[in-house]
Amino acid sequence: MEKVFDVAVFGAVFVDIKGFPRDILNPKGTNIGSVKFKHGGVARNVVENFSYMGLKSRFVSIVDNSALGMEVLARLKNEKIDTEYVDIVDKDGMGMWLVVLNEKGDIAASVSHQPNLKYLYDIIDNHAEEIIKACNSVVLDLDFEASYIEKIINIAKKYNKKVYAVIGHLDVVKRNKHLFNRLDCLICNNIEFELIAERTFETKEQVLEACKELTKNGLKKIVVTMGKKGSVFYDAEVGEEGHVDIVPVNVIDTTGAGDSFFAGTVYGLISGYSLEKSVCIGTRIASLTISCKDSTNPEIKQKCI
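Counting in numbering that gives the first Met the number 0, the sequence shown runs from 0 upward without gaps.
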């Protein structure tokens, strides 16, 4: 019998190297603290959050043939994520993200080393249709080359599957912005949104009006996160609009917050909730993530829904 998945997630794996200062961060000096290696990557974080929330998830990706790569693969399998289309390659299958956090848990500086996505493109060329046919929704990383994003979207539309895309890097906004109108929902932060809209905003009301403008060419739903100001959302299909406040928590590490918000919001939409309810779920998932030192928080299993 053919397997059916709630969602298939296309994207890369990263290893996060995180530096935590013991005291107030001095950016020009050597800071005593701790350095930790964590499993990361936008798509990997998203699919792990989906699994925590109970979605039957398939991950389409690549890992290195190394001890670290096998550790990443074992963790995915342990969380009951389908890894049939996670290929093992000899070199450059995984990216690395070096990040230094300040004493408040916010990112002070980071450098990203990208994986070789050629291996992932090979999987898409050879198996995208069978992967998408076997799922109900698709999540893809917009860091892909435009031709591969279009290929995935075209196949998804052919089989009437909803498509949600996650932004990994700011340069993606300029490179692949023309594809946003083909998405079922775009979720981005305020910095990304200003690049998309090509202007700056001072109020939530201005953001909401810009959201309405951006949905006139095919994009169905849009959510913009605004840090401590919460999130603005607009659903062009039903005219639903509004704002959701943050959930106050003790912040330890803000990395992964956007990925968790994305995963929670998409979980809500996949589950049939309204956009407002979905954004509330995403906000709750993000709050749990920033209250721990990992890029995802296993407590989501007990507390998210």
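Beta carbons are placed, not taken as given, at the ideal position from N, Cα and C, and that holds for glycine.
This one's a predicted model, so the numbers in the text were calculated from it and none came from an experiment.
Is the CB-CB distance between residue i and residue j below 9 angstroms?
i, j, result
"residue 57", "residue 99", "no"
"residue 50", "residue 78", "yes"
"residue 295", "residue 255", "yes"
"residue 248", "residue 287", "yes"
"residue 48", "residue 266", "yes"
"residue 142", "residue 182", "no"
"residue 237", "residue 264", "no"
"residue 123", "residue 88", "no"
"residue 5", "residue 75", "no"
"residue 20", "residue 32", "yes"
"residue 161", "residue 136", "yes"
"residue 229", "residue 245", "yes"
"residue 257", "residue 224", "yes"
"residue 184", "residue 220", "yes"
"residue 59", "residue 85", "yes"
Would DSSP call residue i helix, strand or coil?
i, result
"residue 221", "strand"
"residue 0", "The predicted position of residue 0 is uncertain, since its pLDDT is 42 and thus under 50; no value can be drawn from it."
"residue 173", "helix"
"residue 290", "coil"
"residue 13", "strand"
"residue 278", "helix"
"residue 257", "helix"
"residue 39", "strand"
"residue 297", "coil"
"residue 208", "helix"
Assuming residue i contacts residue j (C-beta within less than 8 angstroms), just tell me the rounded distance between them.
i, j, result
"residue 139", "residue 151", "5 angstroms"
"residue 253", "residue 235", "The Cβ separation is near 30 angstroms, so there is no contact."
"residue 134", "residue 166", "Their Cβ separation, rounded to whole angstroms, is 21 angstroms, which puts residue 134 and residue 166 out of contact at 8 angstroms."
"residue 111", "residue 94", "7 angstroms"
"residue 273", "residue 239", "6 angstroms"
Residue i: beta carbon under 8 angstroms from a heavy atom of the ligand FMN?
i, result
"residue 274", "For the ligand FMN, the structure offers nothing, since it holds no ligand at all."
Could you pull out every unbroken alpha helix (DSSP H) segment of at least 4 residues lying fully inside the stretch 30-112, listed in chain order? 41-51, 66-77
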